[in-house]
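Structure record follows, encoded as structure tokens.
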Amino acid sequence: MADARWNEHRRANGAETDLEGLYDLIADVRTIGDHWPLVADRSGRLYGFVNYYRASHSFPGLEIGFRIFSPEDRGKGFMTEAVGLFVAYLFAAEQIERVQALAHPENVGSRRVLERCGFSFEGILRRAHFNRGEYTDLAMYSILRADARPLEELLVAVDG
């Protein structure tokens, strides 16, 4: 199935290399699915995404990741609102007690988003991520169900 989709995509888009074809498949937001909710305004303008996945096989918590696509859209509160709503939704929809997130220690914007959404800094995971040819540290954040704002409360604030 994946091979057929790959070949169909390459034929339809005239991809010069497998790498270009792979990038096109990964970047096609129309096929991302439920695990990559998009962040958009009421007019439908896309700003970024928030995703989640099981954090570990050893506990039932979830981990989130997020990204604003365009640098000019960063620092305007879009992701803070989206992450806050998304975390509240996860606690309302899932039987979990914890949501965690990782950020590069120098990524001040992502760290501020997490802190504004009620996440607590837990510490640094040393040399935990391989990126651009080198190991880097990651800052670990988490929020517990008891510390999160209820979804109903946040939805009233958004609609009001």
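In terms of the numbering used here, the sequence shown opens at residue 9 and continues consecutively. Glycine included, each C-beta is placed from N, C-alpha and C at the ideal position.
So residue i and residue j are in contact, right, with Cβ under 8 Å, and what is the actual spacing, rounded?
i    : j    : result
R133 : L122 : Here residue 133 is Leu; the residue named in the question, Arg, does not match the sequence. 15 Å between Cβ atoms; not a contact.
L162 : A96  : 5 Å
R157 : G92  : 7 Å
Where DSSP assigns a beta bridge to residue i, which residues make up the other side?
i    : result
E142 : N139
M87  : Beta-bridge pairing links M87 to no other residue.
I151 : V107
F57  : L46, R75
Apart from the five residues on each side of it in sequence, which residues of its chain come closer than 7 Å, Cβ to Cβ, to residue i?
i    : result
G85  : none
L152 : E105, R106
Q108 : A63, G69, E71, M148, Y149, S150
R82  : I76, G117
M9   : Per-residue confidence for M9 stands at a pLDDT of 42, beneath the threshold of 50, marking its modelled position as unreliable; the derived number appears in the next sentence. None.
Closer than 6 Å by C-beta to residue i: which residues in its own chain qualify, once you throw out the five before and the five after it? Chain order, please.
i    : result
Y60  : L70, I72
L46  : L54, F57
R124 : T88
F99  : R153, A156
F94  : V58
Which residue marks the beginning of the beta strand (DSSP E) containing residue i, and which one marks its end?
i    : result
E71  : 67 to 76
G117 : Taken as a continuous stretch (DSSP letters only), G117 belongs to no beta strand (DSSP E), being part of the alpha helix (DSSP H) at 116 to 124.
Give the DSSP-derived three-state secondary structure of residue i in the structure shown.
i    : result
G52  : coil
E130 : strand
A63  : strand
A156 : coil
E161 : helix
E102 : coil
Please confirm whether residue i has its beta-carbon closer than 7 Å to some beta-carbon of chain D.
i   : result
I72 : No chain D appears in this structure, which consists of one protein chain only.
Could you name the residues of the same chain whose beta carbon sits closer than 8 Å to that of residue i, not counting the 5 residues immediately before and after it, in chain order?
i    : result
S128 : Y149, S150, I151, D155
S78  : Y55
Y143 : R135, A136, H137
L159 : L93, A96, Y97, F99, A100
Q103 : P68
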